[in-house]
Amino acid sequence: MKDYLRINEKDNVAVAINELPIHSSLNPEPEGAAVQTLETIPAGHKVALRDIREGEKVIKYGFPIGIATADIPAGSHVHTHNIKTGLTESAEYKYEPAGAKNPKGITGTFKGFLRDDGNVGVRNEIWIIPTVGCVNDVAKAIAGVSQKHIKGSVSDVIAFSHPYGCSQMGEDQDNTRKILCDLINHPNAGGVLVLSLGCENSNLDVLKPMLKNADPERVKFLVCQESEDEIADGEKLVKELITYAGSFRREDVPVSKLVIGLKCGGSDGLSGITANPLVGRFSDRLVSKGGTTILTEVPEMFGAETILMNRCETPELFDKTVCLINDFKNYFTSNGQTVYENPSPGNKKGGISTLEDKSLGCTQKSGSAPVKGVLAYGERVSTSGLNLLSAPGNDLVAATALAASGAQIVLFTTGRGTPFASPVPTVKISTNSRLAGFKKTWIDFDAGVLVDDGCDPGDVLDELYDLVIEVAEGKKVRSEEAGFHDMAIFKTGVTL
């Protein structure tokens, strides 16, 4: 295994694959003189391949990731102590189409649950969706007593907790309602119990018109304030939902029906070398088969946004992407925050120095296909191919947003590890093999093998694609095996 990697021939830094002791010899290719490390370089961190002057751009992935704040001699550790972001609160954008091509591939099938509306689920679960946080524990209690009724093809009864649905105003309340309705309509749920307190802002009189002719066999409603024993009444309704949903059977459906969310968190210096590019190649393969992928976490596009903008298929999509970026920048600045306050402490420990450093690695999850759609927060995907979704970088909020937009599965790359789940199966892909070996109960796939000598990237892509199909056909991911099911809604306004 090589101990370091120069990602792009334009780069003036290399990334340590393993820790590089002081006086380690580096021989950058295709040009450049041999360099010796002047200090120990931690795994995942950067080392200067030549002298970098104060004020000069630091180049990684072939793009600037920041500006040197001091002279950096060749062989030195390049990190937060001698590099700063080059981002500003505003930027001018020009559409310069990169000529991204629509990949074409042979389609296939997988066994999923075909719903009456034509959508396809990869799970057949009963979901209990509270309209307000006041009834979270009631929802959990109903889910608990209903487990004994599971039969047929129904695999689980799940209660999703959240703290919202009341004491919100304007767009903030609208966002909560959109996400709740999106989840109620999600094809992974064979049946849904919508559980209301009765006096909340997002009560059933408000939500029912938004659900547009919900099938009464699939969606049941219960108002706790109108029930003498809401747990017993809820159990009865869930039992009816199980009888209905249990009749569904898996059947062959086109792979083009798959919608996969793309997300990363707890990145390290290998994220942009192993897991994220692998997921990008997966995205291209699924898109070539007529499927759909959704990339989100807009703040982690800052610094790499022009790459996505220039892959937009039309000027109209370019304009929507510019708005996507600028709206999030305005969200930051209107709350008195800088747009570049990232990466997190864990990211920095893993070798990520600036937001550009993280973003250029993150956006590789999008592959190389053209951008076909740009979605607002809570908007359902309607165009196959690669889509961009407005949502923050927070893992739980972004993963929930992907599910709400229609993703049946989320691919989540990580260099630090996390046990969290989302409303849909969340495949954890480690950027390094150490994490995969250490956290076997968290990690579903090891992309760290991509830096092993003799590893065939095509074989690793085949393995990941096969795993996703297995998950789509019912294989449980680690968080499902642990019984974890999380959701989180984007809070954007005041609380009354």
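The sequence shown begins at 347 in this note's numbering and counts up one residue at a time. Even for Gly, the Cβ is constructed at its ideal location relative to N, Cα and C.
Keeping to the same chain, check which residues put their C-beta closer than 7 angstroms to that of residue i; ignore five residues upstream and five downstream.
i: T522; result: Y510, G511, Q514, S548, I835
i: E725; result: S751
i: L460; result: V466, E597, V599
i: A414; result: I398, R399, E400, G401, E402, V404, N428, I429
i: Y723; result: N521, S736, A737, A747, F836
i: G458; result: V466, G467, V468, R596, V599, K603, A818
i: Y811; result: F628, R631
Quick check: residue i and residue j, are their CB atoms within less than 8 angstroms of each other?
i: S736; j: S629; result: no
i: I429; j: E471; result: no
i: K603; j: V823; result: no
i: G719; j: N733; result: yes
i: G637; j: S714; result: no
i: G537; j: R564; result: yes
i: V717; j: I640; result: no
i: A394; j: P374; result: no
i: P533; j: Q683; result: no
i: V601; j: T759; result: no
i: S613; j: G412; result: no
i: V644; j: L757; result: no
i: D551; j: L568; result: no
i: Y441; j: F664; result: yes
i: G761; j: G696; result: yes
i: V806; j: Y439; result: no
i: A380; j: N364; result: no
i: E572; j: V478; result: no
i: K694; j: T383; result: no
i: S779; j: D832; result: no
i: S847; j: K447; result: Here the chain comprises residues numbered 347 to 842, so residue 847 is not present and cannot be evaluated.
i: W473; j: A416; result: no
i: A444; j: R631; result: no
Just to confirm my understanding: we take residue i, look at its own chain, exclude 5 residues before and 5 after, and list those with CB closer than 6 angstroms. What are they?
i: L706; result: Y407, F409, A650
i: G763; result: L781, K785, W788
i: P476; result: N482, A485, L541
i: S507; result: N482
i: T386; result: P367, I368
i: P623; result: Q710
i: Y686; result: T431, L433, L701
i: T679; result: E435
i: S492; result: V503, E581, V584
i: K524; result: G724
i: S370; result: T383
i: L539; result: I474, K566, L583, V584
Looking at the unbroken beta strand (DSSP E) that takes in residue i, where does it start and where does it end?
i: F860; result: The structure shown has nothing for residue 860, since the chain only spans 347 to 842.
i: L734; result: 731–735
i: E471; result: 471–476
i: V869; result: The shown model of the chain, from 347 to 842, leaves out residue 869, and the question about it has no answer.
i: K440; result: Unbroken run through K440: none, as it is neither H nor E.
i: I405; result: 403–406
i: T455; result: 455–460
i: K718; result: 717–721
i: V346; result: Examination of residue 346 is not possible in this model, given that the chain is present from 347 through 842 alone.
i: A389; result: Where A389 is concerned, there is no enclosing beta strand (DSSP E), given that its DSSP letter is neither H nor E.
i: I504; result: 503–505
First and last residue of the alpha helix (DSSP H) that includes residue i?
i: I413; result: Segment 409–414 is the beta strand (DSSP E) holding I413; no alpha helix (DSSP H) there.
i: I671; result: 661–680
i: C838; result: First, the amino acid is wrong: residue 838 is Thr here, not Cys. Neither: T838 is in no alpha helix (DSSP H) and is coded neither H nor E.
i: I488; result: 482–492
i: A750; result: 741–750
i: L701; result: 701–708
i: K694; result: 691–695
i: I653; result: 651–655
Among the residues of its own chain, which have a CB less than 8 angstroms from the CB of residue i, if the five just before and after it don't count?
i: K554; result: A560, F567
i: G615; result: V361, A362, A389, G390, H391, K392, G696, G697, I698, G761
Item checked: Start-end ranges of the beta strand (DSSP E) lying completely within the segment 763–829, minimum 3 residues -> Within the segment 763–829, the complete beta strand (DSSP E) runs of at least 3 residues are 772–776.
At least three beta-carbon pairs within less than 8 angstroms, the segment 817–825 to the segment 762–774: The segment 817–825 is in contact with the segment 762–774.
Ignoring anything shorter than 4 residues, give me the alpha helix (DSSP H) runs that lie fully in the segment 598–638, in order along the chain. The segment 598–638 contains these whole alpha helix (DSSP H) runs: 621–634.
What are the complete beta strand (DSSP E) segments, minimum 3 residues, inside the segment 520–580? Fully enclosed beta strand (DSSP E) runs of 3 or longer: 535–542, 565–569.
**Prompt:** Using 8 angstroms as the threshold, is the segment 430–444 in touch with the segment 488–498, meaning 3 or more CB pairs across them?
**Reply:** Touching, no.
Handout entry: Sufficient close CB pairs (3 or more, under 8 angstroms) joining the segment 651–665 to the segment 788–800
Key = Counting Cβ pairs under 8 angstroms, fewer than three are found: no touch.
Next on the checklist: With three or more beta-carbon pairs closer than 8 angstroms as the criterion, would you say the segment 528–536 touches the segment 739–758?
Outcome noted: Taking 8 angstroms as the limit for Cβ pairs, the verdict is that the segment 739–758 does touch the segment 528–536.
* Per the contact definition of three or more C-beta pairs closer than 8 angstroms, is the segment 357–364 in contact with the segment 384–402? -> With the cut-off at 8 angstroms, the segment 384–402 and the segment 357–364 touch.
Checklist entry - Hey, is the segment 611–628 in contact with the segment 408–427, meaning 3+ C-beta pairs nearer than 8 angstroms? => result Not touching, per the Cβ criterion.
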